[in-house]
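Novice: This is the structure I want to talk about, given as structure tokens.
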Amino acid sequence: MTATMPQRVTAITLPERSVFIDGSFREVDGATAAVVNPATEETIATVASVGAEIVESVLAAARRGFETWSRTSVSDRADALDRIADAMERHGAELAAIATSEIGMPIRDARAGQVDLPVRVLRSTAAIAREYPWDRRDGAGSSIVREAAGVVLAITPWNFPVHQIITKLAPALAAGCSIILKPAELTPLTALFVAALCDEAGIPRGVVNVVTGRGSVLGEALLQSRGYEVVTFTGSLAVGRHIGAVAGDAIVRATLELGGKSPAIVLADADLQTAVETTVRNCFVNAGQKCNAPTRLLVPRERTDEAAQIAARVAESYVIGDPTKESTTMGPMVSAAQRDIVSGFLGDAAEQGARIVTGGERDRWNRGFFISPAIVSNASRDSRIAVDEVFGPVLTVLGYDGEADAVTLANDSEYGLSAEVWSADPGKASAVARQIRAGQVRINGVRTPALPVSPFGGYKRSGLGRELGVFALDEFVEIKAVLGDPILDAGTGADAAVNVASGPVVRA
16 MTATMPQRVT AITLPERSVF IDGSFREVDG ATAAVVNPAT EETIATVASV
66 GAEIVESVLA AARRGFETWS RTSVSDRADA LDRIADAMER HGAELAAIAT
116 SEIGMPIRDA RAGQVDLPVR VLRSTAAIAR EYPWDRRDGA GSSIVREAAG
166 VVLAITPWNF PVHQIITKLA PALAAGCSII LKPAELTPLT ALFVAALCDE
216 AGIPRGVVNV VTGRGSVLGE ALLQSRGYEV VTFTGSLAVG RHIGAVAGDA
266 IVRATLELGG KSPAIVLADA DLQTAVETTV RNCFVNAGQK CNAPTRLLVP
316 RERTDEAAQI AARVAESYVI GDPTKESTTM GPMVSAAQRD IVSGFLGDAA
366 EQGARIVTGG ERDRWNRGFF ISPAIVSNAS RDSRIAVDEV FGPVLTVLGY
416 DGEADAVTLA NDSEYGLSAE VWSADPGKAS AVARQIRAGQ VRINGVRTPA
466 LPVSPFGGYK RSGLGRELGV FALDEFVEIK AVLGDPILDA GTGADAAVNV
516 ASGPVVRA
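As structure tokens, then:
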């Protein structure tokens, strides 16, 4: 019996000072930027930091890519997503290592969140595309055709770089759009690696383009170019407002996934120990650097001290240090500036009378942007730490008086991205969930499903539009009504003539 030898995988090498345009890496002259490992403070790479001079060429490439890709069949586009997923799995160890070195995410979390989850998003999006209603009759007998919107400008964040790229890239490609990706300045390597994966997967030239540079220079030049039909952005509320204003003036679509100040309501009948322990762990994923972290723990007022002590014990159990070690459970902040922001929040909270139960230390480490996870109690409801997004490992415990007050407190925020409800009675938890103004509500600690198709996005200032599942695909298509369309009534021969880019005709 002959054993099958494992296929040898050639490592991907990213050329320095290069961007990915029109299907190839191009070395560019001019400004560069250092990529710094936040755990060691060492420079790990040098990348191009381009500006307005690149905009014309990347837009031209994306327009050419769109003309080709939008005419490709749905089945071919879906197959391409599966090939990208295959490439990501082959190079998963490399990609996880890059994510860890760029943002300090513990390697176990990087494998799960920056490789495994993006692979599942790619594959689920491919499956959805194959069943999507590209061309259907409505009740009036008209054909409702969904077509690719056009060139997409995607501006992505640093905190979950690969996942956030894929949540935009997968539905855009499935829809038939081309894409220009401008990643966060702190995490360009993961974006360039994704470009290399797309190239390995055989994505045609100009369909996927990645350019690196400062948001205030390159990002602004791309935004003001108006050479795109959709802009999709994940990041701060302030920048999101600006992008939305520019998009509105240009009359182009904008999907915006912005900030959060997510509450976790622990109802009186819930198991306090389990609810608090789980909420702390959910809050401190990626050192709390995630927009849907449950950063406000709402408990019955008479149990706030007990909840704070449970939370403190969990916070103190974290193993903080080298994120490349399997035993590490929390890495550093992404930058010195982000660590200073977190420290500033804690300092303000203490000055305003809140109690720092544990955490906030930053002097235990000789290098790296580390800070110990903090639990805050006795903060007023309108204090800065209870209202504003911290984006770090800080959990604030707040007391409420009765179920109605808990809902009021949960909704007392300009954000509405995510929330959690804990109860011994799932029916009661479900009823409370429906009173919360948030795009996602998680009951009794449930996390992202194994099949990542449930919509993600926010109410209020948390943004516009949705990611994941069929709702994500909706963001990247235009809808055309063909009235008096005879083609669906002409038999199978005519059916085959329907816009091949829109996929097979499905009779309603």
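Be aware that the sequence shown starts at 16, since it is given in this note's numbering, and climbs by one per residue. Think of the CB as a built atom: it goes at the ideal place given N, C-alpha and C, for glycine as much as any other residue. Here the structure is a predicted model, which is why all the values come from computation and not from measurement.
Out of Leu-252, Gly-414, Asn-459 and Ser-72, point me to the one whose CA is closest to Glu-435's CA.
Specialist: Asn-459
Novice: If I'm right that Ala-216 touches Ala-95 with Cβ under 8 Å, what's the distance once you round it to whole angstroms?
Specialist: 6 Å
Novice: Just curious, the alpha helix (DSSP H) that Glu-57 is in, first and last residue?
Specialist: Unbroken run through Glu-57: none, as it is neither H nor E.
Novice: Applying the 10 Å Cβ sphere with the 16-neighbour rule, what's the burial state of Gln-179?
Specialist: buried
Novice: Roughly how many angstroms separate the alpha carbons of Ala-262 and Ala-425, rounded to a whole number?
Specialist: 31 Å
Novice: Quick check on Thr-58: buried or exposed, where buried means 16 or more other Cβ atoms within 10 Å of its Cβ?
Specialist: exposed
Novice: Grab the span of the beta strand (DSSP E) containing Gln-239 for me, first residue to last.
Specialist: Gln-239 -> not in any beta strand (DSSP E); alpha helix (DSSP H) instead, spanning 235-240.
Novice: Could you give the uninterrupted runs of the alpha helix (DSSP H) lying entirely in the stretch 99-170, keeping only those of 4 residues or more?
Specialist: 107-118, 122-126 and 132-146
Novice: Closer than 8 Å is the cut-off here; do at least three beta carbon pairs connect the stretch 397-407 with the stretch 358-369?
Specialist: yes
Novice: My output table needs one value for Glu-331: the three-state DSSP class, helix, strand or coil.
Specialist: helix
Novice: With a CB to CB cut of under 7 Å and the five nearest residues on each side skipped, what residues in its chain are close to Arg-382?
Specialist: Thr-55 and Glu-56
Novice: Verify whether the separation of the beta carbon atoms of Lys-183 and Thr-247 is less than 7 Å.
Specialist: yes
Novice: Should Ser-332 be labelled buried (16 or more other beta-carbon atoms within 10 Å of its own) or exposed?
Specialist: exposed
Novice: Round the Cβ separation of Val-349 and Gln-304 to the nearest angstrom and send it over; I've been treating them as touching at under 8 Å.
Specialist: 6 Å
Novice: Of the choices Ser-33, Pro-121 and Ser-116, whose alpha-carbon is the least far from that of Ser-342?
Specialist: For the options Ser-33, Pro-121 and Ser-116, the alpha carbon positioned closest to that of Ser-342 is the one of Pro-121.
Novice: What does the Cβ neighbour count give for Leu-413, buried or exposed, with the cut at 16 atoms within 10 Å?
Specialist: buried
Novice: Lys-276 and Arg-311 look like a contact to me (Cβ under 8 Å); what is the Cβ gap, rounded to whole Å?
Specialist: 6 Å
Novice: Indicate the three-state DSSP secondary structure (helix, strand or coil) for Ala-369 in the structure shown.
Specialist: coil
Novice: Can you tell me where the alpha helix (DSSP H) holding Trp-84 begins and where it ends?
Specialist: 70-84
Novice: Please identify the residue among Lys-340, Ile-390, Glu-272 and Cys-192 whose C-alpha is closest to the C-alpha of Gly-80.
Specialist: Cys-192
Novice: Taking Asp-44 as the reference, which of Glu-235, Asp-37 and Val-65 has the closest Cα?
Specialist: Val-65
Novice: Measuring straight from C-alpha to C-alpha, what distance separates Leu-252 and Gly-274?
Specialist: 6 Å
Novice: Classify Lys-15: buried if its beta carbon has 16 or more other beta carbons within 10 angstroms, exposed otherwise.
Specialist: In this structure the chain extends from 16 to 523, so residue 15 is not present and cannot be described.
Novice: From the DSSP output, in three-state form, read off Gln-455 for me.
Specialist: strand
Novice: Is it the case that the stretch 438-447 contacts the stretch 368-386, given that we only count it when at least three CB pairs across the two stretches are under 8 Å?
Specialist: no
Novice: Ala-323 and Ser-395 - do their beta-carbons sit closer together than 7 Å?
Specialist: no
Novice: At 4 residues or longer, and completely inside the stretch 396-463: list those alpha helix (DSSP H) runs for me, N to C.
Specialist: 399-402, 418-426 and 441-448
Novice: Whole angstroms is fine: what's the gap from Asp-284's alpha carbon to Pro-172's?
Specialist: 38 Å
Novice: Measuring only the C-alpha atoms, how far is Pro-176 from Glu-117?
Specialist: As the crow flies, the alpha-carbon of Pro-176 is around 9 Å from that of Glu-117.
Novice: Using DSSP bridges, identify the partner residues of Ser-231.
Specialist: Paired residue(s): none; Ser-231 is not in a bridge.
Novice: Given a threshold of 16 other Cβ atoms within 10 Å of its Cβ, counted over all protein chains shown, does Leu-498 qualify as buried or as exposed?
Specialist: exposed
Novice: Pick from Arg-379, Ser-433, Ala-421 and Arg-377: whose alpha carbon is nearest that of Glu-404?
Specialist: Ser-433
Novice: Under DSSP, the beta strand (DSSP E) around Phe-486 begins and ends at which residues?
Specialist: Looking at the DSSP string, Phe-486 is not in any beta strand (DSSP E); the run it does join, the alpha helix (DSSP H), is 484-489.
Novice: Kindly indicate which three-state DSSP category Val-24 falls into: helix, strand or coil?
Specialist: coil
Novice: Taking the CB atoms as reference points, tell me whether Ala-185 and Val-492 lie closer together than 7 Å.
Specialist: no
Novice: Go through its chain and collect everything with a Cβ distance to Asp-548's Cβ below 8 Å, but skip five positions before and after it.
Specialist: Within the shown structure, residues of the chain are numbered from 16 to 523, placing residue 548 beyond reach of any answer.
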